[in-house]
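Chemist: Questions regarding the structure given below will be posed in turn.
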Amino acid sequence: MIHLIQKLFPGRKAMNDQNSAGRLADFENWLNGIPDEIRFWRHYLGSQGHDFHGDFSFRLRPDTEIGERDDKLARALSSMEIPRVRLLDVGAGPLTNLGKKLPGVEVEMVPCDPLADVYGWLLDENGITPPVRTKFADAENLSEFFGWGDFDAVHCANALDHSYDPLNGILEMLKVVSTRGFVQLGHWENEAEYEKYGGFHQWNFTERDGDFVIWNRGARISLRERMGDHLDITVWRIPVAENSRDWILAQFRKKPGADEFLKKVGTNLGEKYQCLSSRVTTAGEGDAAEEAGDPGASPLARRYHALFRSVLRDRFAEG
Numbered sequence: 021m022i023h024l025i026q027k028l029f030p031g032r033k034a035m036n037d038q039n040s041a042g043r044l045a046d047f048e049n050w051l052n053g054i055p056d057e058i059r060f061w062r063h064y065l066g067s068q069g070h071d072f073h074g075d076f077s078f079r080l081r082p083d084t085e086i087g088e089r090d091d092k093l094a095r096a097l098s099s100m101e102i103p104r105v106r107l108l109d110v111g112a113g114p115l116t117n118l119g120k121k122l123p124g125v126e127v128e129m130v131p132c133d134p135l136a137d138v139y140g141w142l143l144d145e146n147g148i149t150p151p152v153r154t155k156f157a158d159a160e161n162l163s164e165f166f167g168w169g170d171f172d173a174v175h176c177a178n179a180l181d182h183s184y185d186p187l188n189g190i191l192e193m194l195k196v197v198s199t200r201g202f203v204q205l206g207h208w209e210n211e212a213e214y215e216k217y218g219g220f221h222q223w224n225f226t227e228r229d230g231d232f233v234i235w236n237r238g239a240r241i242s243l244r245e246r247m248g249d250h251l252d253i254t255v256w257r258i259p260v261a262e263n264s265r266d267w268i269l270a271q272f273r274k275k276p277g278a279d280e281f282l283k284k285v286g287t288n289l290g291e292k293y294q295c296l297s298s299r300v301t302t303a304g305e306g307d308a309a310e311e312a313g314d315p316g317a318s319p320l321a322r323r324y325h326a327l328f329r330s331v332l333r334d335r336f337a338e339g
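As numbered in my numbering, residues 21 to 339 make up the sequence shown, in order.
In structure tokens form, the structure reads like this:
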């Protein structure tokens with residue numbers, strides 16, 4: 021991975037905008053965590069879940085119900101009282117962890133992950149056909165890959181704490197969820213502390229007096245302070261004895277005027293693409309492959325996807 025980082029960021033120059041520099045530094049750290057994530061999923065898929073064979077079987081079955089794994093998500097979806105729901109699962113990995121069905125409701129499941137291409141290679145390597153194939157998109161730039169309000173609900177479990185900018189990930193989830201819908205997050209409390217900040221584990225989530233708090237060694241973000249005027253925030257602290265930690269479950273619903281606020285919040289995909297394209301010799305290949313991506317994504321998102329995919333293929337396609 022050191023070779024990849026040097027290839028992407030050789031002697032990274034100071035950027036004019038300090039916030040951009042900070043975001044790209046976080047992105048660079050995120051890139052450093054990719055090998056650990058691939059090792060985990062290569063072992064998981066190659067061993068059919070190893071000690072978690074029941075979990076592996078659940079993920080592969082197309083007939084599982086959402087309520088089998090997440091009763092709060094199932095109840096919230098059912099309470100919308102609509103015949104069909106479109107559900108985005110962010111950071112889904114190669115096989116979404118969610119059930120696929122909901123009694124009386126047609127469910128369109130859309131899993132996405134920034135490492136979708138690598139996961140596709142791993143699935144093919146092991147001869148596994150997923151019930152729903154994961155699409156490429158990163159949490160911090162969802163509105164570049166999907167339309168505004170495209171989904172009735174957005175779900176993310178045990179994944180957003182692996183991102184390089186979880187607050188922006190939440191804002192992007194709110195952009196692509198409908199005004200009647202909701203965003204649900206579920207994560208182990210203070211995962212980065214527990215994992216000693218190894219690999220993708222760079223952020224902690226916790227609950228404080230009904231607030232959703234994001235923190236690590238260098239920052240603390242209160243969602244109530246940042247977004248309280250625009251969101252209804254509900255957070256549950258669920259004790260799990262065998263893990264000696266709590267599961268932090270949160271649902272966010274947009275208040276009137278939230279979309280106007282969110283429209284003023286841009287993405288950082290242009291910065292990331294410019295950084296990669298100026299430093300990677302395969303930039304031309306990425307530009308040429310623009311049309312290969314999801315037709316629903318923006319032109320920039322398709323170019324970025326092609327470029328990022330080519331870098332990952334150079335480093336990881338051969339294992």
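For glycine and all other residues, C-beta sits at the position ideal for the given N, C-alpha and C.
Determine the contact status of Phe171 and Leu107, defining contact as a CB-CB distance below 9 Å.
Modeler: Yes, these two residues count as a Cβ contact at 9 Å.
Chemist: Keeping to the same chain, check which residues put their C-beta closer than 7 Å to that of Leu65; ignore five residues upstream and five downstream.
Modeler: So the qualifying residues of the chain are Pro114, Leu142, Leu143, Asn146, Ile148.
Chemist: Flag this pair as yes or no: are the beta carbons of Val174 and Gly206 separated by less than 9 Å?
Modeler: Contact: no.
Chemist: Helix, strand or coil, according to DSSP, for Glu215 in the structure here?
Modeler: Three-state result, Glu215: coil.
Chemist: Counting only runs that start and end within the segment 98-180, where is the beta strand (DSSP E) found for 3 or more residues in a row?
Modeler: Taking only runs of at least 3 residues, the beta strand (DSSP E) segments lying wholly in the segment 98-180 are 104-110, 126-133, 171-177.
Chemist: Restricting to Cα atoms, I'd like to know which of Asn188, Pro319, Lys292 is closest to Leu51.
Modeler: Of the listed residues, the one whose Cα sits closest to Leu51 is Lys292.
Chemist: Using the Cα positions of Tyr324 and Leu282, report the straight-line distance between them to the nearest angstrom.
Modeler: Computed Cα separation, rounded: 23 Å.
Chemist: Report buried or exposed for Gly306, applying the criterion of at least 16 other Cβ atoms within 10 angstroms of its Cβ.
Modeler: With a pLDDT of 44 at Gly306, under the threshold of 50, the modelled position of this residue cannot be trusted; read the value that follows with caution. It is buried - the Cβ of Gly306 has at least 16 other Cβ atoms within 10 Å.
Chemist: CA-CA distance, Tyr184 and Cys132?
Modeler: Those two C-alpha atoms are separated by around 16 Å.
Chemist: I'd like the list of long-range same chain contacts for Arg257, defined as Cβ closer than 7 Å, with 5 residues on each side in sequence excluded.
Modeler: Only Glu227, Asp266, Ile268 meet the Cβ criterion.
Chemist: Could you tell me the boundaries of the alpha helix (DSSP H) in which Ile54 lies?
Modeler: Where Ile54 is concerned, the enclosing alpha helix (DSSP H) stretches over 54-66.
Chemist: Can you find at least 3 beta carbon pairs, one from the segment 188-202 and one from the segment 121-141, that sit closer than 8 Å?
Modeler: Contact fails: fewer than three Cβ-Cβ distances are below 8 Å.
Chemist: DSSP three-state call for Gly238: helix, strand or coil?
Modeler: Here Gly238 sits in coil by DSSP.
Chemist: Quick one: any contact between the segment 71-79 and the segment 92-107, if contact means 3 or more CB pairs under 8 Å?
Modeler: No, the segment 71-79 is not in contact with the segment 92-107.
Chemist: Report the option in Gln294, Val138, Arg273 whose CA atom is closest to the CA atom of Ser198.
Modeler: The candidate whose alpha carbon is nearest that of Ser198 is Arg273.
Chemist: Alpha helix (DSSP H) containing His73: first to last residue?
Modeler: Its alpha helix (DSSP H) spans residues 73-80.
Chemist: Do Ala278 and Leu243 have their C-beta atoms closer together than 9 Å?
Modeler: Contact flag unset, no.
Chemist: Does the distance from the C-beta atom of Phe220 to that of Val233 stay below 9 Å?
Modeler: No. Outside cutoff.
Chemist: Cβ atoms of Val105 and Val138: under 9 Å apart, would you say?
Modeler: No, Cβ-Cβ distance for Val138 and Val105 is not below 9 Å.
Chemist: Taking the C-alpha atoms as reference points, what is the distance between Glu164 and Ala321?
Modeler: Approximately 6 Å between the Cα atoms of the pair.
Chemist: Between the alpha carbons of Asn178 and Ser297, how many angstroms are there, rounded?
Modeler: Whole-angstrom Cα-Cα distance: 31 Å.
Chemist: Rounded to whole angstroms, what is the Cα-Cα separation between Tyr214 and Ser264?
Modeler: If I take the Cα positions, the gap works out to 11 Å.
Chemist: Among the residues of its own chain, which have a CB less than 8 Å from the CB of Thr302, if the five just before and after it don't count?
Modeler: Here the model assigns Thr302 a pLDDT of 49, short of 50, so the residue's position is not dependable, and the following value carries that caveat. Closer than 8 Å at the Cβ level, and outside the excluded window around Thr302, lie Leu327, Ser330, Val331, Asp334.
Chemist: Gly119 and Gly87 look like a contact to me (Cβ under 8 Å); what is the Cβ gap, rounded to whole Å?
Modeler: Confirmed, about 7 Å.
Chemist: Rounded to whole angstroms, what is the Cα-Cα separation between Tyr217 and Trp223?
Modeler: Roughly 8 Å between the two C-alpha positions.
Chemist: Can the beta-carbon of Thr358 be found closer than 9 Å to that of Ala136?
Modeler: A query on residue 358 cannot be resolved here, the shown segment of the chain reaching from 21 to 339 and no further.
Chemist: Quick check: what's the CA-CA separation for Lys92 versus Asn49?
Modeler: Rounded to whole angstroms, Lys92 to Asn49 spans 33 Å at the Cα level.
Chemist: Would you list the one or two residues that DSSP bridges to Lys274?
Modeler: Paired residue(s): Leu251.
Chemist: What three-state label does DSSP hand Phe206 in the structure shown?
Modeler: It is worth fixing the name first, because residue 206 is Gly in this sequence and not Phe. Here Gly206 sits in strand by DSSP.
Chemist: Closer than 8 Å to a non-hydrogen atom of the ligand ADP - does that hold for the CB of Ile58?
Modeler: No copy of the ligand ADP occurs in the structure displayed, which carries no ligand at all.
Chemist: Rank Cys176, Lys195, Cys295, Pro315 by C-alpha distance to the C-alpha of Gln271 and give the top, closest one.
Modeler: Gln271 has its Cα closest to that of Cys176, out of Cys176, Lys195, Cys295, Pro315.
Chemist: Alpha carbon to alpha carbon, what distance is there between Pro150 and Thr84?
Modeler: Distance between the alpha carbons of Thr84 and Pro150 is about 13 Å.
Chemist: Let me know if Arg62 comes out buried or exposed under the rule of 16 or more other beta-carbons within 10 Å of its beta-carbon.
Modeler: Label assigned to Arg62: buried.
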